[in-house]
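Chains as they are written, first to last, in the working numbering: chain A, 10 to 177; chain B, 10 to 177.
Even for Gly, the Cβ is constructed at its ideal location relative to N, Cα and C.
Structure record follows, encoded as structure tokens.
There are 2 protein chains.
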Amino acid sequence: MELEVAREKFVQSWGSLGTSWGINRTMAQIHSLLLITKKPLSAEDIMASLQISRGNANMNIRALIDWQLVRRELQAGERKEFFVAEKDIWEVARRVTAERKKRELEPILRVLEQVSQVKGPKDDEEVAEFKEMISRIQDFVGKLDAVTEKMTKSDRNWFFRTVMKLMG
Amino acid sequence: MELEVAREKFVQSWGSLGTSWGINRTMAQIHSLLLITKKPLSAEDIMASLQISRGNANMNIRALIDWQLVRRELQAGERKEFFVAEKDIWEVARRVTAERKKRELEPILRVLEQVSQVKGPKDDEEVAEFKEMISRIQDFVGKLDAVTEKMTKSDRNWFFRTVMKLMG
DNA sequence: AGAAACTTTCAATAGTTTTTGAAAGTAGAA
DNA sequence: TTCTACTTTCAAAAACTATTGAAAGTTTCT
């Protein structure tokens, strides 16, 4: 396989993977393009390479910066901005995890907390059953939240050791 | 909070959580409705409760059965089908993980394997850099795949012990 | 200040996914 | 076999999400 074909294939596949992860296609494509490109790229470069409009490029670059997966980089003597991706895959995973914890786990935990406060006749079996199920979900989601919290605060060694332990 | 309000709120929230997990809103809503309902529900019950059409109900119930999160249950003397959800949250997590591993991790691993075969002039630095990045991604996604594989083959005790270890 | 070189915004458009509901299909009862 | 009570399908419509590109905004330079 030729380098250009391989790059293209990787960018497209990473793009479609993104869509099943709450990350839109263009955002994932820009990310993967930057991942496999050593030198910083300008918005123009990205637009040309992925054949997308200026607005689309701008919007998704900003989202990537927001997620801390990409950073601006200024080049001496150049007025325009250039962008580079975080290249350390462990860091990428850590940031994606942190962002999703904030956007998904935390809101659902708040809802679970609210609905667990359900009131009803003291001996209402339906209420008891509902509370029991919510409490089990709370327990599970709470554990997940604690693990992701731990992950976002740990370093790459922790991750490596953990994976080894899990698989050992 | 009243039981009916709490149920409604839980179903709606679980529905929107689903959308960030590659599970569509209705599918997640049906799942959560069945999760908090002890007795088996018919398609009619689900349609009425969520105010959705017959086609939509049918399609998403089938998808849930496909994911093994819901099963059909026949009732003596009744001709229609009833449905119940898997109530064990650990089992639910295990099945969702197994399904996503199959749908997302495995395809991307195949693409990574392909693009890692890239050929080019022996000392082409660009090719070397590309291969290096792909190899690091392969390594990471491969570990993730191995962990999810382990998880789908383990029992609830493994999960409990693992979480304890991670957080300890 | 004005012009040039960029970045950002946003209303319109395109594209994608979900939902509907009527029609077709299927299986049990008589 | 036909009737009836269901389930499934699928083309059309609706809802939602992403993308475009022109215009507005910003910053830097002279």
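Out of curiosity, what's the CA-to-CA distance linking residue i and residue j?
i, j, result
"Lys140(A)", "Ser125(A)", "6 Å"
"Lys110(A)", "Leu83(B)", "39 Å"
"Ala52(B)", "Asp97(B)", "22 Å"
"Pro116(A)", "Gln21(A)", "31 Å"
"Leu73(A)", "Glu134(A)", "48 Å"
"His40(A)", "Pro130(B)", "27 Å"
"Gly27(B)", "Ala85(B)", "34 Å"
"Trp76(A)", "Val156(A)", "20 Å"
"Glu17(B)", "Arg88(A)", "54 Å"
"Val150(B)", "Val120(B)", "12 Å"
"Ser62(A)", "Gln123(B)", "30 Å"
"Arg103(B)", "Arg80(B)", "16 Å"
Going by CA-CA distance only, name the one from the options that's closest to residue i.
i, options, result
"Met36(B)", "Asp148(B), Ser25(B) and Lys96(B)", "Ser25(B)"
"Leu153(B)", "Arg81(B), Val79(B) and Glu113(B)", "Glu113(B)"
"Lys159(A)", "Gln38(B), Val172(B), Glu90(B) and Ser29(B)", "Val172(B)"
Helix, strand or coil for residue i? Go by DSSP, reduced to three states.
i, result
"Val20(B)", "helix"
"Arg88(B)", "coil"
"Ser51(B)", "strand"
"Leu73(A)", "helix"
"Glu82(B)", "strand"
"Val93(B)", "strand"
"Trp30(B)", "coil"
"Lys110(A)", "helix"
"Pro116(A)", "helix"
"Thr35(A)", "helix"
Would residue i be called buried (16 or more neighbouring beta carbons within 10 Å of its own) or exposed?
i, result
"Ala94(B)", "buried"
"Phe169(A)", "exposed"
"Val101(B)", "buried"
"Asn166(A)", "exposed"
"Gln60(B)", "exposed"
"Val176(B)", "Looking at the sequence shown, residue 176(B) is not Val but Met. Looking at its Cβ environment, which holds fewer than 16 other Cβ atoms inside 10 Å, Met176(B) is exposed."
(request) Return the residues of the segment 126-145 of chain B that lie within a Cβ-Cβ distance of less than 8 Å from chain A, sorted by chain order. (result) Listed by position, the residues of the segment 126-145 of chain B near chain A (Cβ gap below 8 Å) are Gln126, Val127, Lys128, Gly129, Asp133, Glu135, Val136, Glu138, Phe139, Met142, Ile143 and Arg145.
(message) Tell me which residues of the segment 144-176 of chain A have at least one Cβ-Cβ distance to chain B shorter than 7 Å, keeping chain order.
(response) Against chain B - using a Cβ distance shorter than 7 Å - the residues of the segment 144-176 of chain A are Arg145, Ile146, Phe149, Lys152, Ala155, Val156, Lys159, Thr171, Val172, Lys174, Leu175 and Met176.
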